[in-house]
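One line per chain: the protein sequences are Z and X, in this order. In terms of our numbering, the first sequence has 47 at position 47, counting the first letter as 1, and numbering is strictly consecutive. In terms of our numbering, the second sequence has 263 at position 263, counting the first letter as 1, and numbering is strictly consecutive. Down below is the structure, laid out as structure tokens.
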Amino acid sequence: MKTKPVKRRAAKHQYILRLFVAGATTRSRQAILRVTQLCNAELNGICDLKVIDIYQQPNLARANQIVATPTLIVELPRPLRRFIGNLTRVTDLFVELDLTTKAKTAK
Amino acid sequence: MKRIIPKAFASAAQLPKCLTGIQGLDEITGGGLPLARPTLVCGGAGCGKTLLAAEFLVRGAVQFDEPGVFMSFEETEPELQANVASLGFDLTSLVRHKKILVDHVHIDRSEFQETGEYDLEGLFVRLGHAIDSIGAKRVVLDTLEALFASLPNEVILRAELRRLFRWLKDKGVTAVITAERGRDQLTRHGLEEYVSDCVILLDHRVNEQIATRHLRVVKYRGAQHGTNEFPFLIGDEGISVLPITSLALNHKVSNERIATGIPRLDAMLGGKGFFRGSSILLTGTPGTGKTIVSANFAHAAARRGERVLFFSFEESPQQIIRNLHSIGLRLDPLVKRGLLRFHSARPSLYGLEMHLATMFKEIATFKPHVVVIDPITSLMDAGTDSECKAMITRLIDFLKAGQVTSLFTSLTQGGQALQQSEASMSSLMDSWLLLQDFEGNGERNRVFYVLKARGMAHSNQIREFLISNHGIDIVDAYIGASGVLTGSARVAQEDLRKAAVLAYQQEAAGLKREVERKRTAIERQISGLRSDYESEAEELRRIAEQVSSSTLMLTTERAASSRLRQADANVAASTRVRASRNARSN
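The structure is reproduced here in structure tokens:
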């Protein structure tokens, strides 16, 4: 098990993020790094992030309909979104999710 | 059905192959798909790609004990289960017994957002996990091309697909990948460039309003394969491909002869009837009694205790039974005893292949000794000529392989040359009976002859046959200088002949009487002459007796007188002359 609960202060997370990676590749590391940065910087305290290595838990890949890796699934807020790639274009992600504004109002 | 793999294909097979279990496909490919390699199945919408793939998996799991993974990009597991259940496959129980694993890959384009570099390792992991969890030997990816619609980056996708096929080979699984047919290439996204081992193309064409599915092996690296387009159909038991050319001519033959139910017809066929397992064609114009002759044949076979399967494409079973009852042929008891079975269907109900498959299925379940198809020409409307010939070839081969005697009736239109219209079919048949109408004298009469009967001496005569309340009577048609006479003309001719015979008979009798009379007259004359002669002979005898007695008397008299004149010898000498003179005068 390589799940990595990042922040557990808030009882009710506004953001639930699941990052699925396939082994310790460069891409995986880049994705993990960026998503943790994002959570710490923007969603501190209101974000539940889990990083899942599908090599370790292949059944979760099936359960979560993972095709490409790395995949970041944003379970909350709705609707469910999947961001595939190593998260180099985070700005796109921010815009898509309207992250900055929501994060700011939450603070 | 027995699976025959022709030697020509089998010996050329060097690649290890994986039997699909799909009827006919293994024959075309010479033993199945390439083992541990991917095979691409492409075709347009609704041509049976998914079904072919599903059947490959299910048959693998059921028949060859090879578990399989079905990775579906389009249909969910319940949908898939429902689809294959209609073909008699119980996917649910196979899934429960871990023989098959269905993984539905759901990709919703609207959920996806690309944020950088990625690969399809997720797919690989899922597939790998699925394969490992049930020890799968077979994999189906249906339809991989859905990825092109879902994932935005085609460059990454293509690289990953190449890797996927490589990976599948390394995994040692036999994979079937389905893909949509492209406009001017085999697949819409050119998947064929990744799958180089075996490509199968499916096709669904409508020809003269009849839809037929075709299968063609476009490419099979390292193995010989049937290159033709083979019609296939999706029946109750899955896909069956009908490879005509894969059948070899090596049926067993029987020397047994079976009666036709019409004694005179048996007599025309060397006295014994047809060979068992032979194919018989019965052609005739409308209303010449084809159904009646074939029903007689069926009736006779069923009466012998053989099972008879009667395919009727124009009449319902009840109608046939009623109509034949009118000529004294009771078929319903035989139907009740289970010896005679009818199968009636409209020819236009479905395509030729479906008919053929239905017939195969009926034959396989009922295991008949005799099959009657009435009429085969109706089926010809359900397909093109070449298709029909192929179908009939296959049907006859199938029947002959099982030593089933088959009788086909064929309707010919009036005015056509009978031989020509059946040319495509007749060469396949062992025996050919021809029923014909003769018009004349304001009436229409049926005649009948044996056009060919392979392997037996047969009559070359045209016979007239009559249908009466008692059934069929075959009578000799009158063939004379004025041609063939039938019906009332034949009767009239027979009367004429009878009158002539009678006249001859009378003349002969008169002549005989005259001769007799002459003979008795002569005999009478002879006896008269003989009695004359006898009376004359009697007279002669009487005279002779008289002469002898008188001579005797004279001698005795002379002796007595000489005795008296003993003393006077000189006198005696003179009287001797006188006495002789007296005797001469007496």
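Here a beta-carbon is modelled for each residue, glycine too, at the ideal position from N, C-alpha and C. All of these numbers come straight from a predicted model, not from anything done at the bench.
Using a Cβ cut-off of 8 Å (strictly closer), state whether residue i contacts chain Z.
i      : result
X/R126 : yes
X/L120 : yes
X/H129 : yes
X/E79  : no
X/G116 : yes
X/L151 : yes
X/L144 : no
X/L141 : no
X/L123 : yes
Within 8 Å (strictly less), CB to CB, does residue i reach chain X?
i     : result
Z/L87 : yes
Z/I32 : no
Z/Y55 : yes
Z/T69 : yes
Z/V90 : yes
Z/R62 : yes
Z/P77 : no
Z/R82 : yes
Z/I66 : yes
Z/F20 : yes
Z/R29 : no
Z/N59 : yes
Hey, could you find the ends of the alpha helix (DSSP H) residue i is sitting in?
i      : result
X/N323 : P317 to H325
Z/R34  : T26 to A41
X/E353 : L352 to F366
Z/E75  : Taken as a continuous stretch (DSSP letters only), Z/E75 belongs to no alpha helix (DSSP H), being part of the beta strand (DSSP E) at T71 to L76.
Z/R62  : P58 to A63
For a test of the three-state rule: what should DSSP assign to residue i, helix, strand or coil?
i      : result
X/F286 : The sequence shown places Pro at residue 286 of chain X, rather than the Phe named in the question. It is coil, neither helix nor strand.
X/C42  : strand
X/C47  : coil
X/I262 : coil
X/G528 : helix
X/G487 : helix
X/T143 : coil
X/T245 : Annotation note: pLDDT 47 at X/T245 (below 50); position unreliable, coordinate value reported separately. In the structure shown, X/T245 sits in coil (DSSP, three-state: anything other than H, G, I, E or B).
X/T405 : strand
X/D374 : strand
X/Q506 : helix
X/R600 : In the structure as shown, chain X starts at 1 and stops at 586, and residue 600 of chain X therefore has no counterpart that could be examined.
X/I28  : helix
X/R303 : helix
X/D495 : helix
X/L329 : coil
Z/V21  : strand
X/R565 : coil
X/K512 : helix
To which residues of the same chain is residue i closer than 7 Å at the C-beta, ignoring the five residues directly before and after it?
i      : result
X/P317 : F342 and S344
X/L340 : A298, A302, V308, F310, L331 and L334
Z/N86  : R27, Q30, A31 and P70
X/G46  : H204
Where does the unbroken beta strand (DSSP E) through residue i begin, and where does it stop?
i      : result
X/Y449 : E443 to A453
X/I392 : Careful: X/I392 lies outside any beta strand (DSSP E), inside the alpha helix (DSSP H) at D385 to A401.
X/L309 : V308 to S312
Z/K50  : C47 to D53
X/L334 : No beta strand (DSSP E) contains X/L334, which is instead part of the alpha helix (DSSP H) from D332 to K336.
X/L466 : R463 to S468
X/L349 : Careful: X/L349 lies outside any beta strand (DSSP E) and carries neither H nor E.
Can you name, in chain order, every residue of its own chain whose Cβ lies under 6 Å from the Cβ of residue i, other than the five neighbours on each side?
i      : result
X/L466 : D473
X/F70  : L57, V102 and V140
X/F148 : H189
Apart from the five residues just before and just after residue i, which ones in its own chain have a Cβ nearer than 8 Å to its Cβ?
i      : result
X/I314 : Note that residue 314 of chain X corresponds to Glu in the displayed sequence, not to Ile. The answer, listed in chain order, is D374, P375 and S378.
Z/A175 : This structure leaves residue 175 of chain Z out entirely; chain Z is present only between 1 and 107.
Ordered list of beta strand (DSSP E) runs contained in the segment 159-232 of chain X, each at least 3 residues: Every beta strand (DSSP E) stretch that sits fully inside the segment 159-232 of chain X and reaches 3 residues is listed by chain position as 174-180, 198-207 and 210-220.
Which runs of the beta strand (DSSP E) at least 3 residues long sit entirely within the segment 45-132 of chain X? Give them in chain order. 68-72, 100-104 and 112-114
Between the segment 87-118 of chain X and chain C, which residues of the former have a C-beta closer than 7 Å to a C-beta of the latter? Looking at the structure shown, chain C is missing, and the protein chains on hand are Z and X.
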